[in-house]
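Each number in the working numbering corresponds to the 1-based position in the first sequence with 2 added. Ideal placement from N, C-alpha and C gives every residue a C-beta, glycine not left out.
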Amino acid sequence: MRIYNTLSKTKEEFVPVEPGQVKIYACGPTVYNYFHVGNARTFLFFDIVRTYLTYKGYQVKYIQNLTDIDDKLIQQSIDEDLPVNVIAEKYIEGFFTDIEALGLRKADDYPRATEYIIEMIELIRKLEKEGFAYNVNGDVYFSVASFNGYGKLSGKNLEELKAGARVEENPDKKHHADFTLWKSAKPGEPSWDSPWGKGRPGWHTECVVMSQKLLGDSIDIHCGAVDLIFPHHENEIAQAEAITGRQFVKYWMHGGFLNISGEKMSKSLQNFFLTRDILQKYDAEALRFFFLSKHYRSTIDFSEELIKEADRAVKSLYQALNEVDYSAFKNEKVTIPEEMEEFRQKFENAMEDDFNTAKAIAVIFELAKLTKINFLKTRDNYKASAFLLVELGSILGFFSNLDEKLATNLNDLSGKLIDLLLSCRTRLKQEKNWQLADLIRDDLNELGIQIKDTAEGTIWRLNR
RNA sequence: GGCGACAUCGCCAAGUGGUAAGGCAAGGGUCUGCAAAAUCCUCAUCCCCGGUUCGAAUCCGGGUGUCGCCUCCA
């Protein structure tokens, strides 16, 4: 299994710190709003990483944090005229609603920043004591010059950062790349007591503390989107490794951005899409297909047209199962013949090459095709390939509500009524009353009931 | 200004030296009373120029274009 590591800028063989176990820390949302489709892509991808590693037999511990105190939350609390903790609760609830709608599995824990204030203060004190941090009037900064190795993740050096220049000068800082560990509170802001006075922790500290507390000093995978490489993750490394002297994270994984029509999503451009709004209009698996059809590190361009296209693609996958009447044999015990395992192998090869989901999806489609061919030609092995199709597809999160989507019976009465209508239509056809027969067909179609006139007679299916 | 990424069929997208996966769309055939569905078939030499090599979409150099990071951001 090979994973691209931002730290080395290469694909590396994946070897967990402790054999058989994988510890993953995923940067979660700052809960000042419902999350957008870009967040959704990131969250969804790391859920796939977790799911795949679990499928491979690793014992995975997966943590995703919730940032529930920070400047944006404070601003939002002013905008909505609600206390910060109420804002946080509101959007945390929204977060859980939305990830469920997206079909993500729950993380093992969702630690919140405000639950770890004491631990953060403790960390900052240690940093200060050991000369990595300094206090200026109640604001505590991390001194980047004191940590040798600063910039190793993002590939920046302190000189370049200085030359960057576009940064607002803060005369309190020794080096302008120094970042805030503890921020003193202005009147009215939520705050906690600390050795430096009332204030709140800086953003970069929470992930270090929660990662170390819940997963240990050295973990396997820490992930987020590319924008977090600098400064967020760079700053995490500095704090964590300054204290422990050990490698904080073995594999840093970063997902690519999602743009809207070639442009970065931003509120000012009015091209901002909340995940919940998109899920209102489109099927969650269509969105999932859209995300996974491109490699996770590439920038992806979002448009509703592409979601519609993805929706058609997903439907054709379901259609394959419909064709072979998967519902009728889904509870049977079927063993997958040896020669069919080559598909699993191809699928795994794709996934194990830095999670090449686009390639893995191609295998899924090949399997769908094979299933139909087996069914039509030989009637052999089609059950096995259907099972394999569902198994592998499920790893990518597809086929999550098969029963609903494959349903051929509404309920007894409705089904019988449809059958009744169809037998009338058959009679009309025999009488060559095409006009009326077609009317019934078209009207049923309007209702989402698709008629198929086959050699064996007329059958119907719910159009998904 | 500094650092970096990318450019493959109408659209989306794999592919990191051995002769272009997959999806969507499109066209044609079969089936059908007509349709739909299904099914079969068709559909690219990889931004440009130069180089390395027996051989390059894949490596090197130079262009052009797009994008990202350097500031809160998934």
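Test item: CB-CB of residue i and residue j under 8 Å
i, j, result
"residue 275", "residue 268", "no"
"residue 183", "residue 239", "no"
"residue 69", "residue 208", "yes"
"residue 295", "residue 360", "yes"
"residue 490", "residue 349", "Any answer about residue 490 is impossible in this case: the structure gives the chain only from 3 up to 466."
"residue 201", "residue 187", "yes"
"residue 290", "residue 446", "no"
"residue 109", "residue 33", "no"
"residue 299", "residue 6", "yes"
"residue 453", "residue 460", "yes"
"residue 326", "residue 379", "no"
"residue 105", "residue 286", "yes"
"residue 308", "residue 408", "no"
Alpha carbon of residue i to alpha carbon of residue j, nearest angstrom
i, j, result
"residue 272", "residue 306", "15 Å"
"residue 333", "residue 128", "58 Å"
"residue 342", "residue 384", "11 Å"
"residue 97", "residue 197", "34 Å"
"residue 58", "residue 435", "59 Å"
"residue 177", "residue 160", "9 Å"
"residue 386", "residue 337", "6 Å"
"residue 233", "residue 321", "46 Å"
"residue 136", "residue 174", "10 Å"
"residue 49", "residue 107", "7 Å"
"residue 64", "residue 111", "7 Å"
Close beta carbons around residue i, own chain, < 7 Å, minus the five adjacent residues each side
i, result
"residue 449", "none"
"residue 119", "194 and 203"
"residue 40", "259, 260 and 267"
"residue 122", "203, 207, 208 and 211"
Residue interval of the alpha helix (DSSP H) (run including residue i)
i, result
"residue 417", "414-432"
"residue 447", "436-448"
"residue 57", "39-57"
"residue 318", "306-325"
Residue span of the beta strand (DSSP E) that contains residue i, given as start and end
i, result
"residue 455", "451-456"
"residue 65", "61-66"
"residue 137", "135-138"
"residue 463", "459-464"
"residue 260", "260-262"
"residue 214", "Note, residue 214: premise wrong, no beta strand (DSSP E); alpha helix (DSSP H) at 205-217."
"residue 405", "Careful: residue 405 lies outside any beta strand (DSSP E), inside the alpha helix (DSSP H) at 404-408."
"residue 104", "Run containing residue 104: none in the beta strand (DSSP E); it sits in the alpha helix (DSSP H), 86-104."
Chain-order list of residues whose beta-carbon lies under 8 Å from that of residue i (same chain, five-residue window excluded)
i, result
"residue 1", "Outside the displayed range of the chain (3 to 466) lies residue 1, so it cannot be described from this structure."
"residue 261", "267, 301, 302, 303 and 304"
"residue 61", "22, 23 and 24"
Rounded Cβ spacing between residue i and residue j (contact assumed at less than 8 Å)
i, j, result
"residue 206", "residue 226", "Actually they are not in contact, since the Cβ atoms of residue 206 and residue 226 sit about 12 Å apart, beyond 8 Å."
"residue 346", "residue 394", "7 Å"
"residue 86", "residue 76", "6 Å"
"residue 293", "residue 51", "Their Cβ separation, rounded to whole angstroms, is 13 Å, which puts residue 293 and residue 51 out of contact at 8 Å."
Contacting residues, own chain, Cβ-Cβ under 6 Å from residue i (five flanking each side not counted)
i, result
"residue 125", "211"
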